[in-house]
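Here's the structure, in structure tokens; my notes come after.
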Amino acid sequence: MPLSQEAVVRTLLAARTRISASAWMIARDAQAAEDIFQNLSVKALAGESRFDLEAQLISWAHITARHEALN
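The sequence shown finishes on residue 92 if you use our numbering, and the numbering steps up by one all the way, no holes.
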């Protein structure tokens with residue numbers, strides 16, 4: 022059973038600092054890191070990906086943040 026949107030939001034907000042920090046490590050810009058977090062939150066809620074576990078969502082978020090920061 023996939024995570025509900027409420028669970029996705031709760032999980033992302035709980036991991037916000039770590040996800041933003043991983044984006045900041047590459048971009049070296051706090052505003053860019055925050056924008057990256059917001060963009061991946063929108064993607065997660067838009068249903069582009071389906072997450073059955075919180076661990077899958079966190080892993081996807083870190084990977085996505087890294088890729089967006091590199092771009």
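C-beta: ideal position from N, C-alpha, C; glycine also.
Span separating the alpha-carbon of residue i from that of residue j
| i | j | result |
| --- | --- | --- |
| ILE47 | ALA28 | 28 Å |
| ASN92 | ALA44 | 11 Å |
| ARG71 | LEU24 | 8 Å |
| ALA86 | ALA67 | 16 Å |
| ASP73 | SER62 | 16 Å |
| ARG49 | GLN26 | 30 Å |
| ASN60 | LEU34 | 13 Å |
Supposed contact pair residue j and residue i - C-beta distance, whole angstroms, cut 8 Å
| i | j | result |
| --- | --- | --- |
| ILE40 | PHE58 | 6 Å |
Element boundaries [alpha helix (DSSP H), containing residue i]
| i | result |
| --- | --- |
| SER62 | 51-67 |
Quiz item: When the Cβ atoms of the region 37-54 are set against those of the region 64-78, are three or more pairs found closer than 8 Å?
Solution: no
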